[in-house]
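Asker: A single structure is presented below for examination.
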Amino acid sequence: MAELKTDILDFFLVWVHQIKTPIAASKLLLSSSKLVDGCNSVSNLNTAERQQLRAEVLQIEKYSDMALGYLKLSNDDTEIFVDYVDLNKIIKSLLKKYAVLFINEDINVQYAEIESNVISDSNWLTLAIEQLISNAAKYSKGESVKIYFCDEENSLVIQDTGIGIPESDLPKIFDRGYSGFNGKGYRNSTGVGLYLAKKIFDRLGCCIYVESRQGVGSEFRIFFPRDLI
669 MAELKTDILD FFLVWVHQIK TPIAASKLLL SSSKLVDGCN SVSNLNTAER
719 QQLRAEVLQI EKYSDMALGY LKLSNDDTEI FVDYVDLNKI IKSLLKKYAV
769 LFINEDINVQ YAEIESNVIS DSNWLTLAIE QLISNAAKYS KGESVKIYFC
819 DEENSLVIQD TGIGIPESDL PKIFDRGYSG FNGKGYRNST GVGLYLAKKI
869 FDRLGCCIYV ESRQGVGSEF RIFFPRDLI
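Counting along the sequence shown from 1, when you hit position 207 you're at 875 in our numbering, and nothing is skipped either side.
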């Protein structure tokens, strides 16, 4: 069984790495408007169609990264390199990456530049925060998202004025596969994103807390270690 588990993990690690190549190629073709299918090309699509296509490619990329992260976390040999990380750079890169979703969903994003570095692993932290930002984009159509850093608490805050989370779901939102009441209304809700984020934050020595009211919005707060161990 141990050998079978190793074989399965190895296979899917290779698979995820391979699928990232056509994803990158699709993004490049979209940006250059040279994708051709028979007599049709991306250049013939209107702005809204191009934006929607970019959003779908972004989702494919996100799920591939989630799968890769999930598989790596399942491997006890996976290493995490903790150091001082430029959190501002991470947030800005993610906001740029998800700009197409915020635009498509008419979401107002408020971001205050972060001057403080935090103790973490840059790659793993990026993947964890991405789950929170993509969730905010998914459940806050026509609303607003606010991201800022609280120096006193050494914490990152991600707030939204979206649909919120029912009180009965709050104790379970970090459980694997649990999508809750809100997830039933979204076909692409897997119940894996928050589970993965929580697992990563635990490995990084961070604490994550959430407050939410249905119909009002949600606030996720991530507390970082203050000292290198």
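All residues carry an ideal CB built from backbone N, CA and C; glycine is no exception. In this text, all values refer to a predicted model and were calculated from it rather than measured experimentally.
Considering only the alpha carbon of each residue, which of K764, I815, K673, E781 lies closest to L739?
Answerer: K673
Asker: In terms of residues, what are the limits of the alpha helix (DSSP H) holding V768?
Answerer: Per DSSP, V768 belongs to the alpha helix (DSSP H) from 767 to 772.
Asker: Excluding five sequence neighbours on each side, which residues of the same chain lie with their C-beta closer than 8 Å to the C-beta of Y863?
Answerer: F842, D843, R844, G845, Y846
Asker: On a CA-only basis, which of Q719, K730, A716 is nearest A692? Give me that one, please.
Answerer: Between A692 and the set Q719, K730, A716, the nearest pair of CA atoms involves K730.
Asker: What are the partner residues of Y752, as DSSP defines its beta bridges?
Answerer: I787
Asker: Does the distance from the C-beta atom of A735 to that of F680 stay below 8 Å?
Answerer: yes
Asker: Would you decide whether D774 is buried or exposed? Buried here means 16 or more other CB atoms lie within 10 Å of its CB.
Answerer: exposed
Asker: Three or more C-beta pairs closer than 8 Å, one from the segment 822 to 839 and one from the segment 788 to 795: is that the case here?
Answerer: no
Asker: Assign F842 to one of three DSSP states: helix, strand, or coil.
Answerer: The answer is coil: DSSP assigns F842 none of H, G, I, E or B.
Asker: Across which residues does DSSP place G885 in a beta bridge pair?
Answerer: R881
Asker: Among R722, I831, F749, which one has its Cα closest to the Cα of I771?
Answerer: R722
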